[in-house]
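Here the numbering used here is used: the first residue of the sequence shown is 335, the next is one more, and so on.
First comes the structure, then the notes that go with it.
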Amino acid sequence: MEIIDTIKEEEIEISLLKEVPLAFARNNLVMPVRRTDGSLIAVVADDKGLFALRDLARRYGLKPLPLRAQSGVVIDAINKFYGQVGSAEEVMDGISGEDLSSVATEFESPRDLLELTEEAPIIRLLNALLLQAVKEKASDIHIEPYEKEIEVRMRLDGILHKVLSPPKIIQDALISRVKIMANLDIAEKRLPQDGRIRLLIGARDIDIRVSIVPTSFGERAVLRLLDRRHGLIGLNEVGLEGEDARRGGELLTRSNGIILVTGPTGSGKTTTLYAVLNRIHTEEKNIITVEDPVEYQLKGVGQIHVNPRIGLTFASGLRSILRQDPDVIMVGEIRDYDTAEIAIQASLTGHLVLSTLHTNDSASAITRLIDMGVEPFLVASSLVAVLAQRLVRTLCPHCKEAYEPNDAERAYLTLQSPSQRAAPDDGTESFSLLYRGKGCDKCRGSGYLGRTGIFELFHVTPEVREMITSRKDSQLMKDYAVARGMKTLYMDGLHKVRRGITTLQEVLRVTQKDYAEE
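See the structure below:
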């Protein structure tokens, strides 16, 4: 037998996988590849897989043609390629003539979702939606009821795309199925409910946060997916680079003070905080977090899950943490005065405190803390730095092409004031070429694949501390910082545009810039 190291995606016949059950492939460690010239090609790990391939080939009246690979290669291939079988649309087409109002009353955990294919129609449909979301790396699934239909949308790289319009008749059954999986009350349809689902999909551990709210046309569900295996990334992978990365690294060596990460919901703040914790975590440091909810497990870090129903809030959890002898404290979010006050007191008594805040830019975080009721002199003495961020879609590497920018695009790229103007990272001032995505199968025709961050690192210097104490306007502080070399979100975005990482349209979309502002 020929020995191989990898199984390439382009060699797989997806229609063959639909005919060979996942359980058969897993139990026998046999990965069907394709049918060709009277033969059935498959990759096997041992003799058991070889015998299984012979039985399989006999069923199709073909000759077995085995390739051998290590068991880990075969298992990875089975998990990867079986996850690409079928879409929610195909499942919907297949069950349209069945009784769509039926719903399961039980979910057998921890069976792998890939194996649950022959269950009730509603189960098959929801499973197919979850599989498709994981396969396409969607962050959210929206199930939205309207007067005469339901609409299912998925958020891919921050943008919602419509994937399905099931008939209105299955609305209650589909929402009930979601509730059952999330251990929610299926009889309660008047009040909002929140729950969690934990699934195995192709050996991947997926954590799903479920939110259900009543609307005038029925209950609306949003499912947020978190892949525990791919959640933790490094600071360089989030997009923080160059001088900002160097200065940020220096700030993280401090033993006290507050470092805030700011931005709107869904801008990647928590991911950045986890990347920071990954960077600074050592055996010598005691790191404790208070989160709502705990999104990713960090080995060697104490993580507390907020539960307001029993009185465990950010503020009360933070008070308890201070008695646990921490070196570094991470607070999921500063939402109120109590949390802000305790976080500041912790930073002033020798702890490094990391947290997030919902503000539009970095300097606005100072105003927000003061608006909460924190005294300006306390903000000035405790705050070390504020990192504002946004997520931009990155260009698809498979269909990226260079083009010559038009006059309007050149104007955006050169319209910064002299104090703000930053030379491109390649050392040239030329904007003769930009990049865009043509659209291909890999990126669903969008021209974008994946996301990265753009950042604004506001360092609290002694001069800025004086401005905070004097209650100066946040815009004055930002202008002061920019005049001394701080890159704004927009400027950092332009650097990534010039380097072909993203597009000008993306940067303008997330920074909400227009000519008037410049």
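Note that CB positions come from ideal geometry on N, CA and C, so glycine has one too.
Model, not experiment: these values are computed from the prediction.
Check, Outcome
"Distance CB(S473)-CB(G492) smaller than 9 Å", "yes"
"A674 beta carbon less than 9 Å from that of K663", "A small correction: the amino acid at residue 663 is Ile; Lys does not occupy that position in the sequence shown. For I663 and A674, no; Cβs fall outside 9 Å."
"Three-state class that DSSP yields for Q466 in the structure shown", "helix"
"Whether V547 touches I475 by CB criterion (9 Å)", "no"
"Extent of the continuous alpha helix (DSSP H) to which I655 belongs", "F648 to I655"
"Cβ shell of L652 (< 8 Å), same chain only, five flanking positions each side left out", "V624, I663, V665, T673, I676, A677 and A680"
"Cβ contact (3+ pairs, closer than 8 Å) linking the segment 703 to 714 and the segment 600 to 619", "no"
"Three-state secondary structure (DSSP) of T605", "helix"
"Outcome for T340 when other beta-carbon atoms lying within 10 angstroms are tallied against a minimum of 16", "exposed"
"P660, buried or exposed, once every other Cβ within 10 Å from all chains shown has been counted against 16", "buried"
"Rounded C-alpha distance that separates V726 from P526", "31 Å"
"contact_flag[the segment 589 to 599, the segment 689 to 699] where n(CB pairs < 8 Å) is 3 or more", "yes"
"CB contact flag (V378, L401, <9 Å)", "yes"
"Under 9 Å between C-beta atoms of E790 and S696", "yes"
"C-beta contact flag for L828 and L838 at 9 Å", "yes"
"Buried versus exposed call for M865 [16 or more other C-beta atoms within 10 Å across all chains shown]", "The chain is shown from 335 up to 852; residue 865 falls before or after that span and cannot be answered."
"Separation of M488 from A467, as counted between CA atoms", "7 Å"
"Through-space distance from H495 to A815, alpha-carbon basis", "39 Å"
"Same chain, Cβ closer than 6 Å to L384, neighbours up to 5 away in sequence not counted", "V378 and P400"
"Reduced DSSP category for P526 - H, G, I as helix; E, B as strand; rest coil", "coil"
"Rounded Cβ spacing between S698 and S808 (contact assumed at less than 8 Å)", "5 Å"
"Sub-9 Å separation of H793 and V718 beta-carbons", "yes"
"DSSP state of M488 mapped onto helix, strand, coil", "strand"
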